[in-house]
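One structure is given here, and the rest of the page talks about it.
There are 2 protein chains.
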Amino acid sequence: MPSPPSRPALRARYDQRRRRVIDAAAHAFAQRGYHATSVAALLQATGLTAGGLYHYIATKDDLLMLICDELIDPLLDRARAISAAQDPPQDQLREILHAWLEHIEAHLDHMRVFQQERHVIEGEPHWHEIRAKRREFERMLDEILARAQERGVMRIPDRRLALLALLGMVNYTPQWFHPGGRLDAAQIADGYCDLMLEAYAANSLRGSESA
Amino acid sequence: MPSPPSRPALRARYDQRRRRVIDAAAHAFAQRGYHATSVAALLQATGLTAGGLYHYIATKDDLLMLICDELIDPLLDRARAISAAQDPPQDQLREILHAWLEHIEAHLDHMRVFQQERHVIEGEPHWHEIRAKRREFERMLDEILARAQERGVMRIPDRRLALLALLGMVNYTPQWFHPGGRLDAAQIADGYCDLMLEAYAANSLRGSESA
DNA sequence: AATTATACCGAGCGATCGCTCGGAATTCGA
DNA sequence: TCGAATTCCGAGCGATCGCTCGGTATAATT
Numbered sequence: 001m002p003s004p005p006s007r008p009a010l011r012a013r014y015d016q017r018r019r020r021v022i023d024a025a026a027h028a029f030a031q032r033g034y035h036a037t038s039v040a041a042l043l044q045a046t047g048l049t050a051g052g053l054y055h056y057i058a059t060k061d062d063l064l065m066l067i068c069d070e071l072i073d074p075l076l077d078r079a080r081a082i083s084a085a086q087d088p089p090q091d092q093l094r095e096i097l098h099a100w101l102e103h104i105e106a107h108l109d110h111m112r113v114f115q116q117e118r119h120v121i122e123g124e125p126h127w128h129e130i131r132a133k134r135r136e137f138e139r140m141l142d143e144i145l146a147r148a149q150e151r152g153v154m155r156i157p158d159r160r161l162a163l164l165a166l167l168g169m170v171n172y173t174p175q176w177f178h179p180g181g182r183l184d185a186a187q188i189a190d191g192y193c194d195l196m197l198e199a200y201a202a203n204s205l206r207g208s209e210s211a
Numbered sequence: 001m002p003s004p005p006s007r008p009a010l011r012a013r014y015d016q017r018r019r020r021v022i023d024a025a026a027h028a029f030a031q032r033g034y035h036a037t038s039v040a041a042l043l044q045a046t047g048l049t050a051g052g053l054y055h056y057i058a059t060k061d062d063l064l065m066l067i068c069d070e071l072i073d074p075l076l077d078r079a080r081a082i083s084a085a086q087d088p089p090q091d092q093l094r095e096i097l098h099a100w101l102e103h104i105e106a107h108l109d110h111m112r113v114f115q116q117e118r119h120v121i122e123g124e125p126h127w128h129e130i131r132a133k134r135r136e137f138e139r140m141l142d143e144i145l146a147r148a149q150e151r152g153v154m155r156i157p158d159r160r161l162a163l164l165a166l167l168g169m170v171n172y173t174p175q176w177f178h179p180g181g182r183l184d185a186a187q188i189a190d191g192y193c194d195l196m197l198e199a200y201a202a203n204s205l206r207g208s209e210s211a
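Quick mapping for you: the protein sequence lines, in order, are chains C and L.
The first sequence maps to residues 1 to 211 in our numbering.
The second sequence maps to residues 1 to 211 in our numbering.
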């Protein structure tokens with residue numbers, strides 16, 4: 001049972017070390033998977049021993065939840081801001097993709113864990129909050145596509161499939177992305193955005209000739 | 001240590017029951033994940049007890065490998081045939097996507113396991129063969145895109161990114177696909193194929209105005 | 001300086017893990 | 001029909017799992 005220190009002078013150090021523990025765990029989970037990573041491995045990764053580690057976390061499950069919380073909340077806030085703004089939908093799509101891919105770049109380990117341990121998150125009931133946040137994010141994405149459709153910017157034969165295709169390509173990105181590689185987050189975001197806008201361009205040559 | 005029966009009359013039954021074990025394991029792994037599924041859970045899923053189960057498999061790891069082998073080989077054969085044929089690249093793309101998505105539909109559990117346990121497959125050296133087969137499949141996909149580019153059917157700004165986007169959307173499909181749902185494999189394959197062909201259409205309106 | 005909260009250690013707990021093995025029951029080949 | 005091969009059982013092995021707890025050292029507060 002962990003308890004944050006009540007003495008304010010220690011709180012900052014506690015939070016900092018706690019975050020280091022979470023990040024180290026995210027790195028380990030991203031490489032070997034959550035269930036395949038023993039707490040002994042976490043001890044080696046953090047440099048702590050059992051007693052020390054459990055000073056910062058309650059359970060190993062708790063650690064996974066902390067990783068997901070730390071990841072989702074800031075991205076969800078960015079997405080809400082973009083969605084609430086009155087920009088044209090195609091600009092909103094580009095903005096949210098940039099925010100998303102930059103988030104992947106900045107929190108690569110967290111994202112890999114979040115994707116890889118999907119069956120854990122989808123399973124038990126106490127992951128409900130995380131699932132709800134994921135769904136809210138996907139709903140905002142869908143609404144952007146819907147607005148683009150309504151305003152005649154895009155012509156989408158099957159919006160559900162378009163959304164799932166977009167989710168697929170972005171969610172797959174953490175598995176191959178290398179920081180400092182040929183493509184950075186912005187280039188990938190633009191690539192995906194162009195892909196979607198071109199594929200569903202309302203004024204496409206073929207868009208109007210289909211039965 | 002398992003040993004296939006030398007008496008030919010029993011070989012058929014042995015193979016059939018062995019496949020049942022593999023399929024049951026695939027179903028369990030797809031739902032809860034490989035490491036989260038205990039052998040005890042596999043015993044319940046198969047109806048066997050420990051001794052009986054290990055009559056058909058060597059180790060739990062072996063079971064995972066069998067699932068992947070059973071999955072990849074037939075799809076790889078189909079892909080090789082399509083790739084070797086002389087159809088126009090846009091037709092090849094559609095054919096390989098149909099084969100791929102039909103394979104996902106027919107072996108949904110296996111595909112989910114194959115995607116979900118990626119870090120197991122990418123990790124240890126004895127998974128080298130599986131990795132090589134995956135890479136061959138992806139290489140054939142890339143070559144189809146390359147041929148489409150060479151023949152002027154598609155204009156792809158970044159072929160690597162286009163390939164990764166396609167891999168992403170297809171590999172993500174097993175996570176949301178429901179057999180008997182609104183979309184079947186063929187419709188999804190066509191949706192993805194149209195998405196790619198439209199996005200990178202050589203005669204697109206915007207394709208020629210980019211800097 | 002005395003007191004108390006904090007930080008961390010590390011042996012070891014009970015539970016569960018993957019798996020073994022001797023044997024019983026059944027089936028096939030001769 | 002009989003011996004051998006096959007199929008499956010299930011108690012239980014050693015190892016590892018996540019985690020606890022009594023203890024010591026250090027730090028902040030008074």
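Glycine included, every Cβ here is placed at the ideal spot set by N, Cα and C.
Residue i classed as buried or exposed, judged by whether at least 16 other C-beta atoms fall within 10 angstroms
{"i": "D109(L)", "result": "buried"}
{"i": "P183(C)", "result": "The sequence shown places Leu at residue 183(C), not Pro. Looking at its Cβ environment, which holds 16 or more other Cβ atoms inside 10 Å, L183(C) is buried."}
{"i": "L10(L)", "result": "exposed"}
{"i": "S208(C)", "result": "Low per-residue confidence applies at S208(C): pLDDT is 45, beneath 50, and the placement is therefore not dependable, though the value from the model is reported in the following sentence. When all chains shown are included, S208(C) counts as exposed."}
{"i": "S83(L)", "result": "buried"}
{"i": "T49(L)", "result": "exposed"}
{"i": "A40(C)", "result": "exposed"}
{"i": "A85(L)", "result": "exposed"}
{"i": "Q116(C)", "result": "buried"}
{"i": "Q44(L)", "result": "exposed"}
{"i": "A180(C)", "result": "According to the sequence provided, residue 180(C) is Gly. The question's Ala does not apply to it. Under this definition G180(C) is an exposed residue."}
{"i": "G219(L)", "result": "Residue 219(L) falls outside the range modelled here, since chain L spans only 1 to 211, and no answer is possible."}
{"i": "G52(C)", "result": "exposed"}
{"i": "Q92(L)", "result": "buried"}
Cutoff 9 Å: residue i Cβ touching any chain C Cβ
{"i": "Y54(L)", "result": "no"}
{"i": "H35(L)", "result": "yes"}
{"i": "R32(L)", "result": "yes"}
{"i": "P157(L)", "result": "yes"}
{"i": "A199(L)", "result": "yes"}
{"i": "G191(L)", "result": "yes"}
{"i": "W176(L)", "result": "yes"}
{"i": "D184(L)", "result": "no"}
{"i": "T59(L)", "result": "no"}
{"i": "D91(L)", "result": "no"}
{"i": "V21(L)", "result": "no"}
{"i": "M111(L)", "result": "no"}
{"i": "L161(L)", "result": "yes"}
{"i": "V170(L)", "result": "yes"}
{"i": "A41(L)", "result": "no"}
{"i": "T49(L)", "result": "no"}
{"i": "T46(L)", "result": "no"}
Same chain, Cβ closer than 6 Å to residue i, neighbours up to 5 away in sequence not counted
{"i": "L71(L)", "result": "H107, H110 and F114"}
{"i": "E95(L)", "result": "I82"}
{"i": "D15(C)", "result": "none"}
{"i": "P125(C)", "result": "none"}
{"i": "D142(L)", "result": "L163"}
{"i": "A211(C)", "result": "Summary for A211(C): the model assigns pLDDT 38, below 50, so the residue's position carries little reliability; its value from the coordinates is reported in the next sentence. Hits under 6 Å: none found."}
{"i": "A30(L)", "result": "D109, R112 and V113"}
Residues that DSSP places opposite residue i in a beta bridge
{"i": "A201(L)", "result": "M154(L)"}
Cutoff 8 Å; reference residue i; Cβ partners in own chain excluding five residues on either side
{"i": "P2(L)", "result": "Y54, H55, Y56, I57 and A58"}
{"i": "I104(L)", "result": "M111, V170, T173, P174, F177 and A185"}
{"i": "L75(L)", "result": "A99, W100, H103 and F137"}
{"i": "I130(C)", "result": "M65, C68, D69, I72 and I121"}
{"i": "A36(L)", "result": "none"}
is_contact[residue i, chain L] using C-beta, thresh 9 Å
{"i": "E117(C)", "result": "yes"}
{"i": "G152(C)", "result": "no"}
{"i": "I188(C)", "result": "yes"}
{"i": "M140(C)", "result": "no"}
{"i": "L195(C)", "result": "yes"}
{"i": "A24(C)", "result": "no"}
{"i": "S6(C)", "result": "no"}
{"i": "L164(C)", "result": "yes"}
{"i": "L167(C)", "result": "yes"}
{"i": "G123(C)", "result": "yes"}
Same chain, Cβ closer than 7 Å to residue i, five either side skipped, listed in chain order
{"i": "R18(L)", "result": "Y56"}
{"i": "P89(L)", "result": "I144, R147, A148, R151 and V153"}
{"i": "R13(L)", "result": "none"}
query: Is the stretch 180-197 of chain L touching the stretch 2-15 of chain L, taking contact as three or more C-beta pairs under 8 Å?
result: Of all C-beta pairs linking the stretch 180-197 of chain L to the stretch 2-15 of chain L, fewer than three are shorter than 8 Å, placing the two stretches out of contact.
- request: Report yes or no: do the stretch 150-161 of chain L and the stretch 125-138 of chain L share at least 3 C-beta pairs separated by less than 8 Å?
  value: Here the stretch 150-161 of chain L makes no contact with the stretch 125-138 of chain L; the two share fewer than three CB pairs at distances below 8 Å.
- prompt: Taking three-plus beta-carbon pairs below 8 Å as touching, is the stretch 62-77 of chain L in contact with the stretch 19-33 of chain L?
  reply: Contact between the stretch 62-77 of chain L and the stretch 19-33 of chain L is present, because at least three Cβ pairs lie under 8 Å.
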